[in-house]
Each structure stands twice: as C-alpha cells, then as structure tokens.
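These notes concern the structure reproduced below.
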Amino acid sequence: MRAVDLIQAKRDGAELSEAEIRFLIDGYVSGAIPDYQMSAWAMAVYFRGMTAAETAALTLAMAESGDTVDLSAVRGVKVDKHSTGGVGDTTTLVLAPLVASAGVPVAKMSGRGLGHTGGTIDKLEAIPGFRVELTQDAFTAQVNALGVAVISQSGNITPADKLLYGLRDVTATVESIPLIASSIMSKKIAAGADAIVLDVKTGGGAFMKTIDDSIALARAMVAIGAEVGRRTVAVISGMDQPLGNSIGNALEVREALSVLRGEPGVSPDLIEVCLALGAHMLVLGGAADSYDAARAELREKLASGEALRKFAAFVSAQGGDSAVADEPSRLPAAARVVPVPAPRAGYVGAIRAEDLGTAAMWLGAGRATKEATIDLAVGIRMLKRIGDRVEAGEPLAELHVGDATGEAALAEVVRKASDAYAVQDAPPAKPPLIYAVVT
Ligand code: URA
Ligand code: CA
Numbered sequence: 001m002r003a004v005d006l007i008q009a010k011r012d013g014a015e016l017s018e019a020e021i022r023f024l025i026d027g028y029v030s031g032a033i034p035d036y037q038m039s040a041w042a043m044a045v046y047f048r049g050m051t052a053a054e055t056a057a058l059t060l061a062m063a064e065s066g067d068t069v070d071l072s073a074v075r076g077v078k079v080d081k082h083s084t085g086g087v088g089d090t091t092t093l094v095l096a097p098l099v100a101s102a103g104v105p106v107a108k109m110s111g112r113g114l115g116h117t118g119g120t121i122d123k124l125e126a127i128p129g130f131r132v133e134l135t136q137d138a139f140t141a142q143v144n145a146l147g148v149a150v151i152s153q154s155g156n157i158t159p160a161d162k163l164l165y166g167l168r169d170v171t172a173t174v175e176s177i178p179l180i181a182s183s184i185m186s187k188k189i190a191a192g193a194d195a196i197v198l199d200v201k202t203g204g205g206a207f208m209k210t211i212d213d214s215i216a217l218a219r220a221m222v223a224i225g226a227e228v229g230r231r232t233v234a235v236i237s238g239m240d241q242p243l244g245n246s247i248g249n250a251l252e253v254r255e256a257l258s259v260l261r262g263e264p265g266v267s268p269d270l271i272e273v274c275l276a277l278g279a280h281m282l283v284l285g286g287a288a289d290s291y292d293a294a295r296a297e298l299r300e301k302l303a304s305g306e307a308l309r310k311f312a313a314f315v316s317a318q319g320g321d322s323a324v325a326d327e328p329s330r331l332p333a334a335a336r337v338v339p340v341p342a343p344r345a346g347y348v349g350a351i352r353a354e355d356l357g358t359a360a361m362w363l364g365a366g367r368a369t370k371e372a373t374i375d376l377a378v379g380i381r382m383l384k385r386i387g388d389r390v391e392a393g394e395p396l397a398e399l400h401v402g403d404a405t406g407e408a409a410l411a412e413v414v415r416k417a418s419d420a421y422a423v424q425d426a427p428p429a430k431p432p433l434i435y436a437v438v439t
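Here the sequence shown stands for residues 1 to 439, where the numbers follow my numbering.
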C-alpha cells in the first residue's frame, strides 16, 4: 500500500477500506507517513466526506492508536458523557454525582480548559485537597465502591487524534464533520465507554454555529456508535448564552453545589440540560425504563439530597474537603468583585458566550496557551440572562478579580464583558435550550 494512492482515491471520491484507513493512521503515528501526505488526505476528506463505514473505521483506528482504558472491572454499563466545548458548562460536576446516586456508574476521564472553554479537571482542583490522579486500580475500586470517580486524562490516549487535530488546525481542515465526529468518538471509546451521551452545542458560543451543522455532526456520531457497538444519544443544546451563570473554576463548583443543594430559582438552564443528559444516561445504563421515569428519578435524587451527599462522598474519596458541600464558602474566593454596568436601559437580547469566556480567561480563569497557569478563584458571575430587564448602570455581571490583574487590564476585561451583552429596547424571544435529540 502507498499513501499517495490512498490520497488519490479519496481525492477522486472513492471509498477507502478499513485496512487502508488503518494503514494511514498507523503510518502517521509511527512517522512512516509525513505531515504533508496526511494534510493532503485530510483536505481530500474535507471535500469528499467519508461514508459511515469509513468514519467508523477511522474512529476505531484512532481509538486503538494508543493506550485504552479497560473498565471491565467496573460493574454495570459504563455510560460516558461528552460536551462539545461550552462556556460556563458545569454539567459534569452536577451529573457525575447525580447519575451515580441513581445507580449508573460514572468512571470518567476529563480534561483541562483551553482558550475560552473550561475543563472539569481544573474545576475539581478548585476544591481544596482534591486529587485528580488515581491509579487504574484505585479508579476502578472507587467506582465499584461509590459509583463515581473523575480523573485527569493520563497516559497516551488517542495519539493519532492528537497528531491529526494539530495538523487539521493549521491546514484548514478542522471543519469536516466526519473528522470532528471520529475525533470526539475515538476519545470516548478509548476511555472505555459502553454507551455515550453527547451534548452537541449549537449557536454563537459553539463549535457548530448552525442547527443543520449541529444535527449533521450529531447524526455522524450516533452512526459511528451504531457501527462500533456503543449506543449513542446526542442532545443538541443552545450556546446562545453560557449554560450556567458562572464562568471560572471555583465559581462553577459553587454553582454546581447550588444545583445539587436544590436552591430554588438558580440556574434553570443548567438544571434542564443536566436532567436531559442525565435521563438519557440512566436509560442507556439500564437504570430506568423510560426517559420520563429517568427524569423523575433524577429530580427525586436532587430533592432528597442524595445527589449532594454523593458529591460529598466523591470529593472525600479523592482527598478533597467534602465540607464544601455544606459550606461553599470554603472554596477559594477572589480578592475583589467588580461590577460590569449596563450601558443603557432595556432588555438583554444576546450574550456572546465566547466573549465572556475570553474575558474570564483574561482574568486568569482559563489558559491562553497549554502552559499558562490559572487562578482557580477568579471568573465571572452573570447576573442577567437573555430576556432580563436592566436599567442603565445596573450590573449585568460581576467580575471576580485576583491580584494579578492590574487596573488597565481590568478596564479591558470590563469592556470585553460589557460588549458581550447586547441590550435592546424590546424584550427578545427566548432562544430554545434543547433543539433536538438524535438517537
Ligand atoms: N473537538 C474534538 O475533540 N475534535 C475535533 O475535531 C473538533 C472538536
Ligand atoms: Ca471538543
């Protein structure tokens, strides 16, 4: 086999076999196939697309390109959840204990934040003492004993995806649905998932800006799941504004706690998406017969405090200060809180999630580069959401600011955060939260 022949075949619209795709991926990881040939192939895929069989073959070749996590020692159906790059997306912190309290094991590997999006591992590290690294044995033992463990991605997981994603980033081939779908699914499969619930974000702050593209991506991922024997459900949810009201690590832990504590009126959108994703997880995990029964079960776990107690036990098992569950004030807090005033009176018509994520990154809540250090205490708390009435000068949001941010930098963050809000005369139509479910 020669790479050039496979590039030509794809260029001319032919379908590659599983063996041919594996030859490309294995050759790329070993260094036998150079970047310039993989980029030509990726561009051919960008224009020609891939069949469902090709996409599944690519997914498995990437999933098996490095270490894979063996969860066979964990009892039950392992259902993983993945969100495609949100802002203020605190779903994992709520879902992990919530779903575990309803009897579905959560054995999750998560990542750190980069750019304007956050990562669950950074958020968990905002809890004093929390350890994000466990040995494989300790990880499976904790899931069997408690029903939940969340650890940092370790080892050499899907090196083919890392290489190919890096290449796509600099060759204008990121925006290919089969390449995105196989990239995401390969990581879930390598992490040991039996079944997968996907939260595909759509809209301004999301990777996929239109509902049609989001549905196409969701369908591609559900099709991969069917081809490789992992039941997959995709929920398409709006990123027309950040999902929760907090952006920043300790602030998001606080918000997750207020949801788990059942505090009335907080974070209705975050709760709704958690109930939807969690209910699909329960159904796939065999812990509920129907979506409606699963939702009722999850509501009951929140109302009874069982989900909150599961959170405390989970934190404690990983060395963290479980007293935060009852006393969120034990979490790190920023030195200063600075309001972002509304420029005029009216209604909040739009909130650019990506810009608020960037503003939070500038405060030190996120990383501009992989090597940057972050401040777990800082970030943004939104006080207004789309549809809310504001008076001129009334705070739209508050910035939680650390010592590292000087006055000039702070003024820029205030401007960025303020510009993220569009205030208009007429009350806007509320954007939908859940657009579609693809099964
Ligand atoms: N997220 C991924 O993990 N992979 C892609 O290709 C795009 C977004
Ligand atoms: Ca992603």
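Even glycine gets a Cβ: it sits at the ideal position worked out from N, Cα and C.
DSSP-derived helix/strand/coil call for residue i
i: Met239; result: coil
i: His82; result: strand
i: Val233; result: strand
i: Gln424; result: strand
i: Ile177; result: helix
i: Ile374; result: coil
i: Leu331; result: coil
i: Ser39; result: helix
i: Val148; result: strand
i: Asp321; result: coil
i: Ile380; result: strand
i: Asp12; result: coil
i: Ala404; result: coil
i: Val253; result: helix
i: Ile247; result: strand
i: Ala350; result: strand
i: Asp67; result: strand
i: Met208; result: strand
i: Thr171; result: coil
i: Thr117; result: strand
i: Arg261; result: coil
i: Gly129; result: coil
i: Thr135; result: coil
i: Ser214; result: helix
i: Ala73; result: coil
i: Gly166; result: helix
Ligand 1 heavy atom lying under 8 Å from the CB of residue i
i: Gly85; result: yes
Start and end residues, beta strand (DSSP E) containing residue i
i: Leu399; result: 395-401
i: Lys370; result: Neither: Lys370 is in no beta strand (DSSP E) and is coded neither H nor E.
i: Val438; result: 434-438
i: Ser418; result: Where Ser418 is concerned, there is no enclosing beta strand (DSSP E), although the alpha helix (DSSP H) it sits in stretches over 407-419.
i: Pro341; result: 336-341
i: Ser110; result: 106-110
Contact test: residue i Cβ vs ligand 4 heavy atom, cutoff 8 Å
i: Ala102; result: As far as ligands go, the structure on display features ligand 1 and ligand 2 and does not contain ligand 4.
Burial state of residue i, where buried means 16 or more other Cβ atoms lie within 10 Å
i: Phe130; result: buried
i: Asp5; result: exposed
i: Asp292; result: exposed
i: Lys310; result: buried
i: Ala325; result: buried
i: Lys370; result: exposed
i: Arg168; result: buried
Residue span of the alpha helix (DSSP H) that contains residue i, given as start and end
i: Thr202; result: Per DSSP, Thr202 belongs to no alpha helix (DSSP H); it is in the beta strand (DSSP E), 195-202.
i: Ile157; result: From DSSP, Ile157 is part of no alpha helix (DSSP H); its letter is neither H nor E.
i: Ala353; result: 353-363
i: Thr120; result: 120-125
i: Lys301; result: 291-303
i: Ala63; result: 52-63
i: Ser101; result: 91-101
i: Asp388; result: Note, Asp388: premise wrong, no alpha helix (DSSP H); not H, not E.
i: Asp26; result: 18-30
i: Leu270; result: 268-284
Lining residues of ligand 1 - beta-carbon closer than 5 Å to any non-hydrogen atom, in sequence order = Matched residues: Ile180, Ser183, Ile184.
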